[in-house]
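Encoded as structure tokens, the structure appears first; notes follow it.
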Amino acid sequence: MNSKNIVFTGGGSAGHVTPNIAIMEALGKHWNVHYIGSFNGIEKEIIERTSIPYNGISSGKLRRYMSKENVLDIGRVVKGFWQARRLLKKIKPKLVFSKGGFVTVPVVLAAKSLGIPVYLHESDMTPGLANRIAMRFSKKIFTSFEEAASHFPKEKTTVVGSPVRKLLFEGNASKGKRFLGFEKKLPILTIMGGSLGAKRINEEVRGLLPALTKQFQIVHICGKGQIDRTYLSHPGYRQFEYISEELPDILAATNLVLTRGGSNSIFEFLSLRIPMLIIPLTLSQSRGDQILNAISFRDKGYSLMLEEENLTQEVLLGHIIELREKSEQMKKAMAAFPASNGVASIVEAIEKTRYYK
1 MNSKNIVFTG GGSAGHVTPN IAIMEALGKH WNVHYIGSFN GIEKEIIERT SIPYNGISSG
61 KLRRYMSKEN VLDIGRVVKG FWQARRLLKK IKPKLVFSKG GFVTVPVVLA AKSLGIPVYL
121 HESDMTPGLA NRIAMRFSKK IFTSFEEAAS HFPKEKTTVV GSPVRKLLFE GNASKGKRFL
181 GFEKKLPILT IMGGSLGAKR INEEVRGLLP ALTKQFQIVH ICGKGQIDRT YLSHPGYRQF
241 EYISEELPDI LAATNLVLTR GGSNSIFEFL SLRIPMLIIP LTLSQSRGDQ ILNAISFRDK
301 GYSLMLEEEN LTQEVLLGHI IELREKSEQM KKAMAAFPAS NGVASIVEAI EKTRYYK
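The opening residue of the sequence shown carries number 1 in full-length UniProt numbering; numbering runs sequentially from there.
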């Protein structure tokens, strides 16, 4: 069977990368997969842990506000366009699949200039600026939320859900507890502030440790450079900058999760039926997409929501206790959500491109 080349792109945060991995892992062996990202973004770190060839390009940040950096970034995007174009001419892919993030803009534009079809996936309820640009040049668009579909051309948009990595369903709770060194029968609360960490959440959680560890065993994935050595020996508390290989086992052992409102993460927890307390990024930190995601999940009964502006130790503890009390109710609501995810639908569409001339 003849092999075909495909390029994936996406970066800036883990949420723009891990869904790509879920799709890449599900593709048949007749595909040669390549990845294009930035030179130093988190996507480089994540993809280089796999066997997938990684190619870096120059990219600028897409800001929604006035800054002198915007002028410099125009030059970076133009440079990235020509770098991406050279890479695509060399790789000759049948398709470019874009997951969003500022690095994807020059890649999508380069693909369009070479007549290479582009598929994109939007995780959030409203598209980010990169996908707003990319949708004009895309042949097919996939979304996680039904609400997001209204922002894209109807004739090329399909609601498929979020691509969830297969390995997350293969975790072993006993192995997870052994890895963590947890032996008590207390429920396990996993705290994840996103791939880049969440300083304020980290601080409030650590201030609550004496109270929390009386009722829970805590897994704290706190982000790069956010380990606090003061708490390395605190009983019932384990902290990590980032977890990769052991994550499926840890999540299999997890009873409750405190998380940011990134779409990919919360869809993963939903698929695993783990009740959530979502603390979304504020409007001053983001375009508000995480707030909309959190409201949607709260209203469907999958989670609680706490806005960071209202975050204090007392309020946080109250919400965590409420989460535990409502966890069975949330699991029942989650059970109505299909266990399948967007991977199969996207892979089916990609497979059809093998026969394009």
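All residues carry an ideal CB built from backbone N, CA and C; glycine is no exception.
Check: Paired residues, beta bridge with Val-96 - DSSP; Outcome: Val-7, Val-118
Check: With 16 other Cβ atoms within 10 Å as the buried cut-off, status of His-30; Outcome: exposed
Check: Alpha helix (DSSP H) segments (min. 4 residues) lying fully within the segment 207-285; Outcome: 209-212, 247-253, 263-271
Check: Three-state secondary structure (DSSP) of Leu-186; Outcome: coil
Check: Contiguous alpha helix (DSSP H) assignments of at least 4 residues, all confined to the segment 126-185; Outcome: 129-134, 173-180
Check: CB of Phe-216 within 7 Å of CB of Pro-248, strictly; Outcome: no
Check: Supposed close pair Leu-251, Ile-278 - CB separation, criterion 8 Å; Outcome: In fact, because the Cβ distance is near 16 Å, the residues do not count as touching under 8 Å.
Check: Buried/exposed call for Ala-111, threshold 16 Cβ in 10 Å; Outcome: buried
Check: Segment contact, 8 Å Cβ cut-off, at least three pairs: the segment 264-273 with the segment 330-343; Outcome: yes
Check: Alpha carbon of Phe-297 to alpha carbon of His-34, nearest angstrom; Outcome: 34 Å
Check: Cα-Cα separation, Thr-254 to Lys-4; Outcome: 40 Å
Check: Pro-280 classed as buried or exposed, judged by whether at least 16 other C-beta atoms fall within 10 angstroms; Outcome: buried
Check: For Glu-351 and Asn-341, the rounded distance between their alpha carbons; Outcome: 17 Å
Check: Same chain, Cβ closer than 7 Å to Val-205, five either side skipped, listed in chain order; Outcome: Ile-191, His-220
Check: Best match in Gly-261, Glu-170, Asp-124 for proximity to Ala-149 [C-alpha to C-alpha]; Outcome: Asp-124
Check: Rounded C-alpha distance that separates Leu-209 from Lys-326; Outcome: 22 Å
Check: Contact under 7 Å by Cβ, Ala-130 with Gly-101; Outcome: yes
Check: Cβ neighbour criterion (16 or more within 10 Å) applied to Ile-218; Outcome: buried
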